[in-house]
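Residues 6 to 396 (the working numbering) make up the sequence shown, in order.
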Amino acid sequence: MDKIVIGMVGAGRATELHMHALHRVSGIPLRFKTIVARRPEQLLPAKEKYGFEIASYDFNDLLDDPEIDVIDICTPPYVHEDMVVKAIQAGKHVICEKPLTGYFGNESDVDPIGLNVSKTVMYEKLLKSLEHLENVIEASDRKFMYAENFVYAPAVVKAAEIISAKKSRILYMKGEESLKGSSSPVAGEWSKTGGGTFLRTGAHPLSAALWLKQQEAKARGVEIFVESVLADMGRVTPSLSEYEHRHIMARPNDVEDNGTVILSFSDGSKAVIIATDVCLGGSKNYIELYCNDAAINCNLTMNDMMTTYFLDEDGLDNVYLSEMLPSKRGWNKPFIADEIIRGYTDEMQDFMEAIYYDREPKSGFKLAYDTIKIIYAAYMSAEIGKRLYLN
6 MDKIVIGMVG
16 AGRATELHMH
26 ALHRVSGIPL
36 RFKTIVARRP
46 EQLLPAKEKY
56 GFEIASYDFN
66 DLLDDPEIDV
76 IDICTPPYVH
86 EDMVVKAIQA
96 GKHVICEKPL
106 TGYFGNESDV
116 DPIGLNVSKT
126 VMYEKLLKSL
136 EHLENVIEAS
146 DRKFMYAENF
156 VYAPAVVKAA
166 EIISAKKSRI
176 LYMKGEESLK
186 GSSSPVAGEW
196 SKTGGGTFLR
206 TGAHPLSAAL
216 WLKQQEAKAR
226 GVEIFVESVL
236 ADMGRVTPSL
246 SEYEHRHIMA
256 RPNDVEDNGT
266 VILSFSDGSK
276 AVIIATDVCL
286 GGSKNYIELY
296 CNDAAINCNL
306 TMNDMMTTYF
316 LDEDGLDNVY
326 LSEMLPSKRG
336 WNKPFIADEI
346 IRGYTDEMQD
356 FMEAIYYDRE
366 PKSGFKLAYD
376 TIKIIYAAYM
386 SAEIGKRLYL
396 N
């Protein structure tokens, strides 16, 4: 192919991150043809900002265009599965934001579903959705690319290099993504997101932990898998008064605003994954590895590449320091080359190379499948109050 022709669906924060990274792709010619979204106040500015040729309100315009090679799905999660299936069946390669799918309710459910539908039912329905998606993707020659940036973050990639070279055993891992809430207007609704903060943010360190254990397994020539999940989920922000709530954006209706999950692997190792919507001071993203012959700490944010101190915010209106930062005054740790440090640039480089050179991406369907299956197993574990063993 002369150029990879890209269609985008969505015009929010995920689209912004993907497009900034796509504009950094080198060595592969790209053409940004059509962007689709529902709200004109987002769609039209996004078309101009990112350099798309066409703005549309109809997803079918992407499916029906024979020039479009790949569709990048950056929508709320409740439409992911339907869009993935339609795009693959239309002969398009697919990039899909997390999560791959989830449970979003049916007509017989009592609202709000996050409080009234059993997580056991949700888990069982999810497994059927995953089976359907797997069948559709396996029946096609199109590539499915899972937009998990953590496995492309330079620190995580370097950790994998070290583990592979030393054939280290990862004995214990800790991973976290926490912030003060989400900018998405549907983040507090299970019917739109399929879960709360553990799905929205915990998916990232979870995927990184799963991927790192697989790099260990490959280096050592063994099989390692998750045997069981033990979880606790909570909703603490509804207990706050309006005054107490003033610094926190999280407004969960029927989803969790904090979650802690313990993974037990088949080799006896453990991982603890934390996600909260009650972390002030910017977003916290890290993975820590305790190995038999090494200790490795991967700080994606906040890191110490730069520190700033401001007495006021004069002249800083258009200066981006970090995600979810309530004030630029005082001491801060700005995000430097955020698209690179958090993995977005190498993620999109890998995806475009996978399409252009017809090879498999580093982050594909298996990682997407395993991540959402474990998240829903964690929701079920938290509800029944005991460890859940996976098949």
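Ideal Cβ placement from N, Cα and C applies to all residues, glycine included.
**OP:** For Ser61, collect the residues of the same chain with a Cβ closer than 7 Å to its Cβ; drop the 5 residues on either side in sequence, then sort them by chain order.
**Re:** By the criterion of a C-beta distance shorter than 7 Å, Ser61 is surrounded in its chain by Thr39 and Val41, once the five residues flanking it on both sides are discounted.
**OP:** Locate the beta strand (DSSP E) running through Glu249, then write down its first and last residues.
**Re:** Premise fails: Glu249 is in no beta strand (DSSP E) and is neither H nor E.
Original post:
Taking the C-alpha atoms as reference points, what is the distance between Thr106 and Phe315?
Top reply: 43 Å
Original post:
Counting Cβ pairs, one atom from each stretch, are 3 or more of them under 8 Å apart for the region 366 to 383 and the region 141 to 157?
Top reply: yes
Subject >> Reduced DSSP secondary structure (H/G/I, E/B, other) of Ile341 >> reply: coil
Subject >> CA nearest to the CA of Val161, picked from Lys218, Glu46 and Asp63 >> reply: Lys218
Subject >> Buried/exposed call for Arg43, threshold 16 Cβ in 10 Å >> reply: The residue is exposed, with fewer than 16 neighbouring Cβ atoms inside 10 Å.
Subject >> Straight-line Cα distance separating Leu22 from Leu326 >> reply: 15 Å
Subject >> Contiguous beta strand (DSSP E) assignments of at least 3 residues, all confined to the region 17 to 54 >> reply: Complete beta strand (DSSP E) runs here, min 3: 35 to 41.
Original post:
So, using beta-carbon positions, are Phe203 and Val266 closer together than 8 Å?
Top reply: yes
**OP:** Reducing DSSP to helix, strand and coil, say where Thr198 ends up.
**Re:** helix
Original post:
What's the C-alpha gap between Gln354 and Asp87?
Top reply: So the alpha carbons of these two residues sit roughly 26 Å apart.
Original post:
Which of the three DSSP states, helix, strand or coil, is assigned to Gly119?
Top reply: helix
Original post:
Between Ile379 and Val234, is the Cβ-Cβ spacing less than 8 Å?
Top reply: yes
Subject >> Same chain, Cβ closer than 8 Å to Leu49, five either side skipped, listed in chain order >> reply: Ala60
Original post:
What residue range is occupied by the uninterrupted alpha helix (DSSP H) comprising Ser169?
Top reply: Pro159 to Lys171
**OP:** Using the DSSP secondary-structure output, state which residues sit across from Lys275 in a beta bridge.
**Re:** Tyr177 and Ser269
Subject >> Where the beta strand (DSSP E) containing Ser61 begins and where it ends >> reply: Ile59 to Ser61
Original post:
Would you say Gln47 and Gly17 are within 8 Å of each other, going by their C-beta atoms?
Top reply: yes
Original post:
Where Asn308 and Asp343 are concerned, what is the direct C-alpha to C-alpha distance, given to the nearest angstrom?
Top reply: 11 Å
**OP:** Inspect the beta-carbon positions of Lys185 and Asp282 and report whether they are closer than 8 Å.
**Re:** yes
Original post:
Does the region 322 to 341 touch the region 121 to 133, meaning 3 or more C-beta pairs lie closer than 8 Å?
Top reply: The region 121 to 133 makes no contact with the region 322 to 341, as fewer than three CB pairs between them are under 8 Å.
Original post:
Terminal residues of the continuous alpha helix (DSSP H) containing Tyr325?
Top reply: Careful: Tyr325 lies outside any alpha helix (DSSP H) and carries neither H nor E.
Subject >> Buried versus exposed, by CB contacts within 10 Å (16 or more), His252 >> reply: exposed
Original post:
Is it a yes or a no for the region 285 to 297 touching the region 176 to 193, going by three-plus beta-carbon pairs under 8 Å?
Top reply: yes
Original post:
Looking only at DSSP bridge pairs, what is Leu294 linked to?
Top reply: Met178 and Ile301
Subject >> Which listed residue (Ser246, Ala300, Ile229 and Gly207) has its alpha carbon closest to that of Gly264 >> reply: Shortest Cα-Cα distance from Gly264 to any of Ser246, Ala300, Ile229 and Gly207 involves Gly207.
Original post:
For the candidate residues Arg225, Arg256 and Ile229, whose alpha-carbon lies nearest to that of Arg240?
Top reply: Arg256
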